Structure formats: C-alpha cells, structure tokens
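Okay, so the sequence shown: first residue is 1 according to the working numbering, each after it adds one.
Built from N, CA and C at the ideal position, the CB exists for glycine as well.
Predicted model only: the values in this text are computed from it and were never measured.
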Amino acid sequence: MDIEKIETMAHKRGKPFRVLIVDDEPHVQNVFKEFCEITNSVKVDLSLDGLDAIDKILKNDYDLVTMDLIMPEMAGVEAVAKIRETKPHLPIIIITGNATDRLVNQAGLKGADALLYKPVMQKEFVNGVASSLQRNFDGKNLA
1 MDIEKIETMA HKRGKPFRVL IVDDEPHVQN VFKEFCEITN SVKVDLSLDG LDAIDKILKN
61 DYDLVTMDLI MPEMAGVEAV AKIRETKPHL PIIIITGNAT DRLVNQAGLK GADALLYKPV
121 MQKEFVNGVA SSLQRNFDGK NLA
C-alpha cells in the first residue's frame, strides 16, 4: 500500500491531507474513513449527499473528495460538475457500486480523476487516494 507515499507528502507540506468522503451509506463512509485513518497524515470529513458536500467544499479546504454517484438530494455526477465550477483542481475519486456505464462516463466527462468500483478493498482505496494526492501535490510543485 502507498501509505508511506501519503505520509511523505504530508510531512513535506507540513500538515495532514483533508479528505471529504461523500456517500449516502453511513457504513460505507465509516469503512472508507477507517481506510484513511490507518495513517495520521489524513484527516476525514463525511457527507451523506452531493448537496451537503458542495456546502462543505465551499466552506473548507480539502485535498481530495471521494464521491458516490447515486445519492439522494444531489447525485454524484451533478456534484462533481458543481465542484469543478468552484474548485477546478480539487481531485475527485468516484466510488460506485451500481452505476451504469453511461453514468460513469458522465462523471468522467464532468471531471472525476479516478474511478473505483465497490466493494473497494483497503489497498485499492489507499493506492487510489495516494495516486490522486500525488498528482495534485506534484502539480503544485510542493515536493
């Protein structure tokens, strides 16, 4: 797993990464939160839908968002599009279990950085988070 990569980047920047996990299933949120909390280099906030996620993103600085596609209030595709309007460089990982190919393609076209299919194993999740953070970290030339 790429835990060491995340820890090295966080050390270089002098603070932990902030991740927003957006999923309408509290159990899934908690699993992904536990995946992130295997290191002290990631701090996690949770959101149950796209509308709440947009509100949190406008009020806070996040380094990464994980987004379910199918949720009440505001679906992930719409939320990704709105995030791109206000925070165009914020990395977004789509995590879905039952989305159609069409919906997944829409999410990609709206600006998602990566896609993971549920059920997601810890190694796959951590490596996806590390890769997305690395691309953004390198893009800011902080390394």
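Buried or exposed: where does residue i fall if 16 or more other Cβ atoms within 10 Å of its Cβ makes it buried?
{"i": "residue 55", "result": "exposed"}
{"i": "residue 76", "result": "buried"}
{"i": "residue 132", "result": "buried"}
Going along the chain, which residues of its own chain have a beta-carbon closer than 6 Å to the beta-carbon of residue i, five neighbours each way excluded?
{"i": "residue 128", "result": "93, 114 and 116"}
{"i": "residue 118", "result": "97"}
If you drop the 5 nearest sequence neighbours on each side, which residues of the same chain put their C-beta closer than 7 Å to that of residue i?
{"i": "residue 78", "result": "50"}
{"i": "residue 39", "result": "3, 6 and 7"}
{"i": "residue 10", "result": "16, 17 and 41"}
{"i": "residue 130", "result": "2, 5 and 6"}
{"i": "residue 143", "result": "At residue 143, the pLDDT of 36 sits below 50, so the modelled position is not reliable; the number obtained from the coordinates is stated separately. Closer than 7 Å at Cβ, skipping near neighbours: 12 and 137."}
{"i": "residue 72", "result": "24 and 49"}
With a threshold of 8 Å on Cβ separation, who are the neighbours of residue i within its own chain once the five nearest residues in sequence on each side are excluded?
{"i": "residue 112", "result": "67, 80, 92, 93 and 94"}
{"i": "residue 45", "result": "18, 19, 20, 21, 56, 60 and 62"}
Could you tell me which of the options sits nearest to residue i, measuring between CA atoms?
{"i": "residue 63", "options": "38, 20, 48 and 37", "result": "20"}
{"i": "residue 23", "options": "132, 135 and 97", "result": "97"}
{"i": "residue 26", "options": "40, 6 and 47", "result": "47"}
{"i": "residue 17", "options": "43, 28 and 37", "result": "43"}
{"i": "residue 89", "options": "136, 45 and 9", "result": "136"}
{"i": "residue 120", "options": "57, 36, 52 and 11", "result": "36"}
{"i": "residue 59", "options": "70, 87 and 76", "result": "87"}
{"i": "residue 125", "options": "65, 53 and 14", "result": "65"}
Counting Cβ pairs closer than 8 Å, one from the region 75-90 and one from the region 26-33, do we hit at least three? Taking 8 Å as the limit for Cβ pairs, the verdict is that the region 26-33 does not touch the region 75-90.
What residue ranges within the region 30-87 form continuous alpha helix (DSSP H) runs of no fewer than 4 residues, ordered along the chain? List check, alpha helix (DSSP H) in window: 50-59 and 76-86.
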